[in-house]
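Participant: A single structure is presented below for examination.
In this note's numbering, the protein residues as written are 6 to 309.
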């Protein structure tokens, strides 16, 4: 861990957060050389933290050995220039194993993913997160989505029990529920927007004090992603509206055509701009040729 808890909290609370895709070769294996180039390209732009092996990075499709290598490479390439946050989760024991691997590789924190498959009671979710938090000394950001949705009372409980819990990432987009959490827990935690294509919720997030979010489209239109974030924070509604209408609304329409396209389209976009990372792994599927053509038109429309 390179950065202090205070430094990590500051980085994830103010500034655009990037979530790189994970590079696979033609045989579907992790491509270290390509991934190194991608990370160097990422940090050449104005971002405040890098979240590796996240949802956009197909955490759910990685073995522990692959994950360990990905985090190691990221920490080495980024070399203390920005905080590196990796992922953990799926079950208590699996979450502990991934958190340990991230800590040993030098990550500055973990994004705690929801448990796999089964629906969970609130007290069970708190215990799931608490046990993983207690198993690591690194900073933890809880990802509130899927089978792991915590209400305001449960988030408060978890924050009270786990000193290394520093943030909550919203993956549901229920602004009423998120506002309850923000108002209940207050500045004990940092809050991050994290619905797929988070920019579409960005104005609503800012209105309740959620000042940053994870940008997946940064993987293929980084200049536009940074511009959108800056204009949003400036309160420049005209520019935000223009980019939303020209890019994000049609992108979301394209994304919603098939489950998993929130990741698959990002890999397709990276290939379109000349930074291919291979295909997604099953159970995800890549977009059709026609859909890629539609995506290319959107990318061309917002080129600097």
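Where is the CB? At the ideal position from N, CA and C, for every residue including glycine.
Small disclaimer: the values here were computed from a predicted structure and weren't measured.
(1) Rounded to whole angstroms, what is the Cα-Cα separation between residue 257 and residue 263?
(2) Enumerated in chain order, which unbroken segments of the alpha helix (DSSP H) with a length of 4 residues or greater are wholly contained in the region 88 to 165?
(3) In whole angstroms, what is the alpha-carbon distance linking residue 215 and residue 19?
(4) Considering just the uninterrupted stretch of the beta strand (DSSP E) at residue 170, what are its terminal residues?
(5) Which runs of the beta strand (DSSP E) at least 3 residues long sit entirely within the region 193 to 251? Give them in chain order.
(6) Let's test the definition: count the other Cβ atoms within 10 Å of the Cβ of residue 38 and tell me whether it reaches 16, buried, or not, exposed.
(7) Taking 8 Å as the limit between beta carbons, can you name the residues of its chain near residue 189, skipping five residues before and five after?
(8) Taking DSSP's pairing of strands, which residues face residue 78 in a bridge?
(9) Quick one: what's residue 55 bridged to in DSSP?
(10) Quick check: the Cα distance between residue 14 and residue 171, rounded to an integer number of angstroms?
(11) Report the three-state DSSP secondary structure of residue 8 (helix, strand or coil).
(12) Have a look at the DSSP bridge pairing and note the partners of residue 29.
(13) Would you tell me roughly how many angstroms separate the C-alpha atoms of residue 166 and residue 253, rounded to the nearest one?
(14) Which one of 74, 178, 129 has the shortest CA to CA distance from residue 108?
(15) Among 151, 126, 174, which has the Cα closest to the Cα of residue 115?
(16) Do you know how far the Cα of residue 92 is from the Cα of residue 110?
(17) What number of angstroms, rounded off, separates the C-alpha of residue 136 from the C-alpha of residue 248?
(18) Could you compute how far the alpha carbon of residue 150 sits from the alpha carbon of residue 84?
(19) Cβ atoms of residue 61 and residue 3: under 8 Å apart, would you say?
(20) Just to confirm before moving on: does the CB-CB distance between residue 63 and residue 268 stay below 8 Å?
(21) Can you confirm whether the region 178 to 185 touches the region 126 to 141 when touching is taken to mean that 3 or more C-beta pairs between the two stretches lie within less than 8 Å?
(22) Tell me the rounded alpha-carbon separation between residue 259 and residue 119.
(23) If we ignore side chains and look at the alpha-carbon of each, how far apart do residue 30 and residue 184 end up?
(24) Quick one, which of 6, 12, 41 has its alpha-carbon nearest residue 282's?
(25) Would you kindly check if the distance between the Cβ of residue 57 and the Cβ of residue 79 is under 8 Å?
(26) Starting from the C-beta of residue 141, find all residues in its chain whose C-beta is less than 6 Å away, skip the five residues before and the five after it, and write them out in chain order.
(27) Specify the secondary structure class of residue 260 as computed by DSSP and reduced to three states.
(28) At which residues does the alpha helix (DSSP H) containing residue 299 begin and terminate?
Facilitator: Let's see:
(1) 11 Å
(2) 97 to 110, 127 to 139
(3) 9 Å
(4) 170 to 175
(5) 195 to 198, 217 to 220
(6) exposed
(7) 157, 158, 160, 161
(8) DSSP output for residue 78 lists no bridge partner at all.
(9) 23, 89
(10) 7 Å
(11) coil
(12) 35
(13) 39 Å
(14) 74
(15) 174
(16) 12 Å
(17) 42 Å
(18) 31 Å
(19) This structure gives no information on residue 3, because the portion of the chain shown stretches from 6 to 309.
(20) yes
(21) no
(22) 26 Å
(23) 42 Å
(24) 41
(25) yes
(26) 104, 108
(27) helix
(28) 294 to 306
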